[in-house]
Every structure is written in structure tokens, then in C-alpha cells.
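As C-alpha cells, the structure follows; a few thoughts come after it.
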Amino acid sequence: MPISKVLIANRGEIALRVILACQELGIETVLTTSEADRDSLPARVADRAICIGPARSTESYLNHRSIVAAALGAGADAVHPGYGFLAESPDLADACVAEGLTFVGPTADHMRQMGNKIQARLLAKAAGVPTLSGSERIGSPEEAIAIAERVGFPVILKAAAGGGGRGMKVVNHAGNLAQTFTSAAAEAGAAFGDPTLYIERFIRNARHIEVQVLGDRFGTVVHVGERDCSLQRRHQKVVEEAPAPRIAEDLRAEIRHAAVKLARNIGYENAGTVEFIYDEDEKRFYFLEMNTRIQVEHPVSETITGIDLVQEQFRIAEGLPLRVGQADIVLRGHAIECRINAESPRAGFRPNAGVIERWEPPVGPNIRVDTHCYTGYRVPVFYDSLLAKLIVYGSTRAEAIERMRRSLDRFVVTGVDTTIPFLRFMMERDEFANGAMTTHLIDDVLPQFIGQSQ
Amino acid sequence: MSNDLTSLTEDHVRQLGRIIGTLEQSTFDFLQLEVGDLKVTIGKGNVPVPVPDAAAAMPPRLAVSSVASTSAPPPQVEPAPAPTPSESPPPTAGSVEITSPIMGMFYTRPEPGAATFVTVGESVEEDSTVGLVEVMKTFNAVSAGVRGKIVEVCAPDAQLVEYGQVLFRVAQG
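Residue numbers (this note's numbering), protein chains in the order written: chain A, 629 to 1082; chain B, 287 to 459.
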């Protein structure tokens, strides 16, 4: 069914990103905002903005009933959830379907299947995708110890309802396992409403590799290349790039194939990302989780393929077959994305809100900035700290790194502290230049950054 | 809050904690308790205007509109065929706004064909119901929250209203 008017249930740069995609597709846009975002850039660019509640996201962006009511009231025929907030909420997807609205994303069933990380592991296994040795649901600390001894320490305890780096604890010795198990279960119960835990072998020198997939209603699934998101801080991605450097092409092809196999096996529809952990020492990869949404870092895949993933989301949701076959998707050159956050890297990355006094993003060939910020914009205190994504393209990785360095140098932001100085520092590191990143690299080099900047 | 906090026992504090927890989970904005001399008001956001009897389920947020409204006006929505009153008088100084406590479909009458809850010139009490806002088939009564005379109906019947949108103007008194 063609979509003529979509309600965008998000804020910030991704709201603007989706609005711009819709303008090109000739789809009218309705944006739901909180009171804090009434005058935001996406609210002004959308054809219509509707304030659905106060600043607190639980009473606005996380209220799926208000979102569906706004869509119906505004005469929208579809809802795009962006990322975060309700993007992976089966309740929103179900409510949309019940009211005859097209949900621009996967089905509620796909979200449920992949939302429970234990079930996701089983689905990966069933598809023949490698998973880490570990457990299914663990019932007691004693059981946890027995499994950990079989798998071998260190192990990582994860919340079944967690994901996205939340609700995880590494345990090095059997001695601390029982205690950690109890506290992790309590924390998971409080944070996710489900205390269920499972165990996986912990990989010390790990890289985070993920594969962008697109699936249509007719069972066709393609990949749009892999991304390396190893530069993380507290399990949150900081720098992403595509393709993944320093992994042999045949192994990368194997990873991409595994992702497609899993998505195809569950009849996955729309854009999704299959995440893997890559063991840098053993050169092997294992399934981590699948994200059933468009992701923050999708632009790097767009940049090296020329595919507009958000526009594809709309075509798929309209029930059209994929426009491109796997053979049409050519990975060309190298793209890097840096997340510019309103955080003080020298103060433990403390988020800081306030008015942006000067906002001068870099311009030039092969530079893309996805942002909702401008000079005079007040960064609200209620939401995440992402201000912009700086994406550069180069025909080689070295060229892309050089372009990123120079672009960061020209990126002027005053009024609020940003992560730009830290990103600039990372771009200068030999480990990054050599592609020798692991998920603990940032923690390893952070003291040097802090020392150097004092 | 009472100024007599010293009379609160540990047990009182514990009970209050539980009430706050319950309020957090609920859709109510505030809660007023009176036990003997002790009067406690717990709420989220703005301090509610005093409500005479039982607390209204959905207290409207009130904004005194002097010349310049303090809160940013809702952005101009798509020109819906809104039957805006032809004479749109500048809000009289001292008049107060009744704003929508939630986003949803606004109804000026209890059911189609029925008389409107209020009309211009009609007097309202704080707890008078002035309209309904529907969210996914749940109807929320909007109370005036103020005593006075309706001077303007600002939102048309059966149209989507935003959170905080002005529904009525009332001359206080």
C-alpha cells in the first residue's frame, strides 16, 4: 500500500534524516514532539508537528498510545519510529497494525524474536550461524558456576531482555560469580522488567562487526556490507566505519553470508543489523544480537554503496520488492563516521546541555553531516547527547582517515563541550590508523588523552 | 507541604514514599492528601491550583496570559478547517487559559448531538468539566481548574489538540 503521509515518532538528527528522505519520496511528514522539542529544526522542517506531551520521554516519545492517536488524528497512514525510543517496541508495531497504519520497520514478531537475546541466540544457532559457547536461561548461581566452568573463565553475564550493551557483567573468577549473578539479575529486573540472565564466553580482544541487511515481503534478503564499530566507550559506539579493516575478504564474506542466512531464515522484513563479535586473536566470529531497526551508523553503509537505507525502508513497508539484488550492491571505497556528542571528554564524558553559541560544521567534498543542531540551538537536558554524525568518504581507508582529521579540525562548536577533541585524538592514534582496534582500545588510551590535554 | 514536618514519623515518610511510587506509575499528575492537620500535595510538573473537593483526574495546566505568554505557543499547525472565531480578540489581561493536559482528540460535548459542556459567557467552577480529550478510545475529562467566565472557545470540536494547546480562555472571578 503506498504511503502518502507518515508520522515520525522521534527527535533529533534521525527525525530530520527521515523527514528529508520523505521529502524526496513525496511523502508528507508529521512529527511528534515533546514540549522541549516544539521549536526544534525537525519540527520546523516537517509538514506538521504535533506536541504530544511534556519533555520527559516516558510521557511523550515513549507513549505509544499518544503516537498512534496522533497518527490517526493527523490522517497519517504510516509510522516511522527512527532508532531508540519505541523503534523496537512490538507494542507500537502491533498498535499501528491494529489501527490500519503501516509500521515502517519489521513486524512485531521479528522484534519479539530478536528482543529476547536468548531466543535470538537459538535462532542464530538454528540458522547455522556461529554463537559463543554459553548457556540458555540460567536459574541459579550454582548453575551459573557449573556453566562458567564448562565454558571457561572469563565469562560474561548478560540480561535476556538487555542488548545494545546494557545489562552485561564480565566475571573473571568463579569466586565472584555467585555474587555477581545475584546483583546482575536484580539489576536486569529493575532495568528491563525481566531478571533472566544467560552466560557467554568472554572474548578479551574483541572487535564489533555488524552487517546491514534489507529484507522485503517476498523473502528476498540482501546485505549492504559490514561495518566495524569496535571503538566503543561503555559499550556505546563512538566511531564506525565500513568496510571492516584488516579482516580477510573471504572471512568478511562469510560474516555477511551468516547475517543474510539468519535474516532469511526468519523471513526478516525491512532494515536490520546482525551484530557479531570478532575474536581478534582466533580470527573467528560469533553472533551477538540482531537489531530490528535503522541504526545510528547507517550512513557509512549508505556512503560506500550509494543506497539510501531510509528510503528503502519506506519502499519495503509499502510492500514493494527490493529494487536491488545482491549483485547490484557494490561496496566501493571507505567511509568513517564519528559521533559528535555534547559531552566533556575531559570530565569523564559528562553530558552537558546548554545553548550552542557557534555551530560551524565542516563542508567539502565527500563530507556528510547528519544533525539537527544550529547556532543558537539549546541542547535539552532530557535526551541523549548526540549532536551530529560526521561521515566522510575516501577511496581508501587512509584517505578517509585524513579527511576525517581535517574535518574534525574545521568543526567549530562553542557553548557546549563536545567529543570532537577526543575524536581528533583517536584519529591520530597508530592503533586506529593500522586498523588494530578492539572494543577496549578507547579505555586503554583514554588516560593518555586526559594526560595530554592537561 | 505542611510546615509541620517535624511531626512526621518514620512511618509517615515510608508511607509517603510508597504513595510517590504509586503516583509515578499512574497517569495522575498530582495527589493531595489531608489527614487531620497534615496536608500534603505531591505532583509532577506544575503545582496544581487548589482543588476544592476530590482531586480532578486531569488538572489542566494553567498559564496566565498577560501580554506575552511565557510558554511558547504551539507551532502553527497545518491550516485545518478550524472554525476559528471570526473576531479573535486579544486575550484580555487577567484572563487565564485552560490548556489541554494531553494530546488527543478534543471534544466540546459529551456525545455527538449533545449540548456543549460550556459556552462563551458561561460560568465555570474549578471542577467543571469543559471538554474531553480522547487518546485511543480513552476519554479524559478536562476540568476548568479555575473559577470564572468562559470568554473564548479556542479549539474546535473533534480536532486533534496538542499537549498544552489552549482550549479556552476564562475571565477569572
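All residues carry an ideal CB built from backbone N, CA and C; glycine is no exception.
Here the structure is a predicted model, which means the values were calculated and not measured.
Same chain, Cβ closer than 8 Å to residue i, neighbours up to 5 away in sequence not counted
i: Ala812 (chain A); result: Leu785, Ala787, Gly795, Lys797, Leu825
i: Glu940 (chain A); result: Leu842, Ala899, Leu950, Arg951
i: Gly976 (chain A); result: none
i: Asp822 (chain A); result: Ala787, Ala788, Ala789, Ala816
i: Gly947 (chain A); result: Met629, Arg845
i: Val928 (chain A); result: Arg855, Glu868, Glu869, Ala870, Ala963, Ile964, Glu965, Ile1019
i: Glu802 (chain A); result: Checking the displayed sequence, the identity of residue 802 (chain A) turns out to be Ala instead of Glu. For Ala802 (chain A), where only same-chain residues beyond five positions count, the Cβ hits under 8 Å are Ile773, Ala776, Glu777, Phe781.
Integer-rounded CB distance, given that residue j should sit under 8 Å from residue i
i: Arg1154 (chain A); j: Thr1042 (chain A); result: Because chain A is modelled from 629 through 1082, residue 1154 (chain A) falls outside the range shown and cannot be assessed.
i: Val732 (chain A); j: Ala706 (chain A); result: 6 Å
i: Phe942 (chain A); j: Ile631 (chain A); result: 6 Å
i: Leu644 (chain A); j: Pro670 (chain A); result: 4 Å
i: Glu838 (chain A); j: Cys857 (chain A); result: 6 Å
i: Glu412 (chain B); j: Ser429 (chain B); result: 7 Å
i: Arg1052 (chain A); j: Leu1036 (chain A); result: 5 Å
i: Ile436 (chain B); j: Val419 (chain B); result: So it is not a contact: roughly 17 Å between Cβ atoms.
i: Met739 (chain A); j: Pro718 (chain A); result: 5 Å
Residue closest to residue i, alpha-carbon to alpha-carbon, out of the options
i: Gly791 (chain A); options: A:Phe904, A:Gln807, A:Asp719; result: A:Phe904
i: Gln458 (chain B); options: B:Asp297, B:Gly407, B:Gly450; result: B:Gly407
i: Gly399 (chain B); options: B:Asp443, B:Val419, B:Lys435; result: B:Asp443
i: Ile655 (chain A); options: A:Asp665, A:Thr661, A:Leu635; result: A:Leu635
i: Leu760 (chain A); options: A:Ile831, A:Arg845, A:Arg921, A:His926; result: A:Ile831
i: Thr810 (chain A); options: A:Glu828, A:Val779, A:Pro782, A:Pro769; result: A:Pro769
i: Ile695 (chain A); options: B:Glu438, B:Val452, B:Met422; result: B:Met422
i: Arg912 (chain A); options: A:Ala886, A:Glu930, A:Thr686; result: A:Ala886
i: Glu641 (chain A); options: A:Glu946, A:Met629, A:Ala872, A:Arg672; result: A:Arg672
i: Gln445 (chain B); options: B:Phe392, B:Glu296, B:Gly380; result: B:Phe392
i: Thr1047 (chain A); options: A:Val991, A:Gly982, A:Arg974; result: A:Arg974
i: Ala664 (chain A); options: A:Glu777, A:Pro1049, A:Pro1008, A:Met1055; result: A:Pro1008
i: Val852 (chain A); options: A:Lys865, A:Ala870, A:Leu859; result: A:Ala870
i: Pro990 (chain A); options: A:Ile773, A:Tyr1005, A:Lys1017, A:Arg1006; result: A:Lys1017
i: Leu729 (chain A); options: A:Arg740, A:Gly712, A:His692; result: A:His692
i: Gln1076 (chain A); options: A:Glu1056, A:Tyr1005, A:Tyr1002; result: A:Glu1056
i: Val867 (chain A); options: A:Arg1033, A:Val1040, A:Gly803; result: A:Arg1033
i: Ile766 (chain A); options: A:Val1073, A:Leu714, A:Pro782, A:Ile746; result: A:Ile746
i: Phe1060 (chain A); options: A:Arg996, A:Ala1028, A:Gly953; result: A:Ala1028
i: Thr686 (chain A); options: A:Thr661, A:Arg666, A:Arg676; result: A:Thr661
i: Ile462 (chain B); options: B:Gln451, B:Glu397, B:Ala441; result: Because residue 462 (chain B) is not part of the residues shown, which for chain B are 287 to 459, the question remains open.
i: Ala441 (chain B); options: B:Val432, B:Gly431, B:Val416; result: B:Val416
i: Ala702 (chain A); options: A:Ile922, A:Asp1058, A:Cys679; result: A:Cys679
i: Cys724 (chain A); options: A:Ala945, A:Ala819, A:His1000, A:Ile957; result: A:Ala945
6 Å Cβ shell around residue i - same chain, five flanking residues per side excluded
i: Asp1045 (chain A); result: Ser972, Asn980
i: Pro758 (chain A); result: Tyr914
i: Asn833 (chain A); result: Glu908, Asp909, Thr1066
i: Thr1092 (chain A); result: With chain A represented from 629 up to 1082, any question about residue 1092 (chain A) goes unanswered, as that position is not in the structure.
i: Ala674 (chain A); result: Ile647, Thr657, Leu659
i: Arg861 (chain A); result: Ile1070
i: Arg892 (chain A); result: Val849
i: Ala354 (chain B); result: Here the model assigns Ala354 (chain B) a pLDDT of 34, short of 50, so the residue's position is not dependable, and the following value carries that caveat. No residues qualify anywhere along the chain.
i: Ala649 (chain A); result: Val938, Gln939
i: Ile995 (chain A); result: Val1020, Ser1035
i: Asn969 (chain A); result: Ser1013, Leu1014, Thr1047
i: Ala715 (chain A); result: Pro709, Arg921
Cβ-based neighbour list, residue i, same chain, cut-off 7 Å, excluding 5 preceding and 5 following
i: Asp722 (chain A); result: Ala736
i: Leu750 (chain A); result: none
i: Ile1078 (chain A); result: Arg974
i: Pro734 (chain A); result: Tyr896, Glu897, Asn898, Gly900, Thr920
i: Thr402 (chain B); result: Thr394, Arg395
i: Ile883 (chain A); result: Ile837, Val839, Glu854, Phe904, Phe913
i: Val1112 (chain A); result: This structure cannot speak to residue 1112 (chain A), because chain A is shown only from 629 to 1082.
i: Glu925 (chain A); result: Arg855, Cys857, Lys865, Glu868, Glu965
Bridge partner(s) assigned by DSSP for residue i
i: Asn1085 (chain A); result: What is shown of chain A runs 629 to 1082, which leaves residue 1085 (chain A) out entirely.
i: Gln864 (chain A); result: A:Arg861
i: Tyr393 (chain B); result: B:Leu418
i: Ala870 (chain A); result: A:Ala963
i: Phe913 (chain A); result: A:Tyr906
i: Phe781 (chain A); result: DSSP, once it has assigned bridges, lists no residue as partnering Phe781 (chain A).
i: Gly895 (chain A); result: For Gly895 (chain A), which the question treats as bridged, DSSP gives no partner whatsoever.
i: Val423 (chain B); result: Note that residue 423 (chain B) corresponds to Lys in the displayed sequence, not to Val. Answer by DSSP bridge pairing: none, since Lys423 (chain B) is not bridged.
i: Lys1017 (chain A); result: A:Arg967, A:Asp998
- Taking a cut of 8 Å between CB atoms, which residues from the region 384–418 of chain B lie near chain A? When C-beta distances to chain A are compared with 8 Å, the residues of the region 384–418 of chain B below that value are Ile388, Met389, Gly390, Met391, in chain order.
- Identify each residue in the region 691–705 of chain A for which the Cβ-Cβ distance to at least one residue of chain B is less than 7 Å, and report them in chain order. Listed by position along the chain: Arg693, Ser694, Val696, Ala697, Ala698, Gly701, Ala702.
- Query: What residues from the region 426–439 of chain B come within 7 Å of chain A, judged by C-beta to C-beta, listed N to C?
  - Reply: Under the 7 Å Cβ criterion, the region 426–439 of chain B contributes no residue.
- If you measure beta-carbon to beta-carbon, which residues of the region 668–689 of chain A are closer than 9 Å to chain B? Residues Ala671, Arg672, Asp675, Arg676, Ala677, Ile678, Cys679, Ile680, Gly681, Pro682, Arg684, Glu687, Ser688.
- Mind listing which residues of the region 648–665 of chain A have their C-beta closer than 7 Å to chain B's C-betas, in chain order? Those would be Glu663, in chain order.
- What residues in the region 438–455 of chain B have a beta carbon less than 7 Å from any beta carbon of chain A? Residues passing the 7 Å Cβ filter: Leu446, Glu448, Tyr449, Gly450.
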